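First residue of the sequence shown? That's 1 in full-length UniProt numbering, and the numbers climb one at a time after it. All residues carry an ideal CB built from backbone N, CA and C; glycine is no exception. Fair warning: this is a prediction, and the values are worked out from it, not measured in the lab. Taking it in order: structure first as structure tokens, then the write-up.
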Amino acid sequence: MRAVVVPEPGGPEALTLSDLPDLEPGPGEVLLDVAATAVNRADLLQRRGFYPPPPGASDVLGLECSGTVAAVGDGVEGWSVGDQACALLAGGGYATGVVVPAEQLMPVPAGIDLVTAAALPEVAATVWSNVFMVAGLQPGELFLVHGGAGGIGTMAIQLATAYGARVAATAGSAEKLAVCTELGAELAINYRDEDFVEVVREHGGADVILDNMGAKYLGRNVDALATEGRLVVIGMQGGTKGELDLGKLLGKRGAVIATSLRSRPVAEKGAICAALVEHVWPLVADGKVRPIVHATLPLEQVREAHTMLEDSVHVGKVVLTT
């Protein structure tokens, strides 16, 4: 099979398309012939040597994919050769074949083509698990998402809106702010010349904040929380060490939660995938939520795809086809 590997950590030029041995599914696993995968910021970190895969996971980049079932391992039920599916992965998506625990395999939502389906698993799982399963966002609450025009942001805006929350989103250009508004954001905040804390406070504070910045925004995010607000940190683009004013947090009876998805056990990922099929896939089938794809490139152009994300020129997801 063909796969993208990183012989030595570095920039996009470190990405190399190579031939690797074909895979076989083990017990409880499914082999997919990959149609497409999608690029995530975690892939950029792994390429640079900062985010190694969990023990036992593939060294090949790629945290999600779509494709056709090519073989099923012992004990797998509900999947047959020829079925189309998308999958949440711990690694291995940037390849023409990948082995997936059956629990992390999901049907392609109705109305979505196989290639576009590759843009769904990681963002949908991240948003649903953090915003709804962990933070418990409720109808009528104010939800703030940073990076509203990115892959996670565009999914978060749509899901929160679909479930009756009020949405605020930050972005860095008029074009990206317009996308946030189109997708349902009530407040579209330009972080370059507006203070999101002031804007959100004028509307009572944020009940839930989904943050990809980490240390850089920690103090301001706490300032922006409403009473009993929940801050969920899922990224560290702005650093790993910040100062937390416990007095402010106590005064608000607030919570700061940090989570990751990739290293969770298969059973936990399986529960998240099952929740997506139950709660999110019907919204996708109805057209209320849709994957936003900025560009679709062949796997041979993986370096260009990574550059798009690093330069933040994208809106939504960048997809790679095999």
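Query                                                                                                                                                                    : Result
Quick one, which of Arg230, Val232, Ala215 and Thr259 has its alpha-carbon nearest Thr240's?                                                                             : Ala215
Please specify which runs of the alpha helix (DSSP H), each continuous and at least 4 residues long, are wholly inside the stretch 208-254, giving them in chain order.  : 218-224 and 246-252
From Gly75 to Pro27, what does the alpha carbon distance come to, in whole angstroms?                                                                                    : 6 Å
For the stretch 214-229 against the stretch 60-80, are there 3 or more C-beta pairs whose distance is under 8 Å?                                                         : no
Sorted by chain position, which residues of the same chain lie with C-beta nearer than 8 Å to Val277's C-beta, five sequence neighbours on each side aside?              : Met106 and Pro107
Any chance you could list the beta strand (DSSP E) runs of at least 3 consecutive residues sitting entirely within the stretch 64-126, in chain order?                   : 64-72, 84-88, 97-101 and 105-107
Tell me the rounded alpha-carbon separation between Glu8 and Leu89.                                                                                                      : 22 Å
According to DSSP, is residue 326 part of a helix, a strand, or is it coil?                                                                                              : Because residue 326 is not part of the residues shown, which for the chain are 1 to 322, the question remains open.
Given 8 Å as the limit, is there contact between the stretch 32-45 and the stretch 115-133, that is, 3 or more CB pairs closer than that?                                : yes
In chain order, what residues of the same chain have a beta carbon less than 8 Å from the beta carbon of Leu137, not counting five sequence neighbours either side?      : Val131, Phe143, Ala160, Tyr163, Ala165, Asp207 and Val208
Which class does Ser263 belong to by DSSP, given the choice of helix, strand or coil?                                                                                    : coil
With distances taken from CA atoms, which of Gln158, Gly111 and Asp195 is nearest Gly172?                                                                                : Asp195
Using the three-state DSSP reduction, which class does Glu24 fall into: helix, strand or coil?                                                                           : coil
For Ile234, count neighbouring C-beta atoms within 10 Å of its own C-beta (all shown protein chains included) and say buried if the count is 16 or more, exposed if not. : buried
I'd like the span of the alpha helix (DSSP H) that includes Lys317, first residue to last.                                                                               : Note, Lys317: premise wrong, no alpha helix (DSSP H); beta strand (DSSP E) at Lys317 to Thr321.
Which residue's Cα is closest to the Cα of Leu210: Ala168, Phe50 and Ile292?                                                                                             : Ala168
Per DSSP, what kind of secondary structure is residue 362 in: helix, strand or coil?                                                                                     : Since the first residue of the chain shown is 1 and the last is 322, residue 362 is not available in this structure.
Does Ala185 come out as helix, strand or coil in the three-state DSSP assignment?                                                                                        : coil
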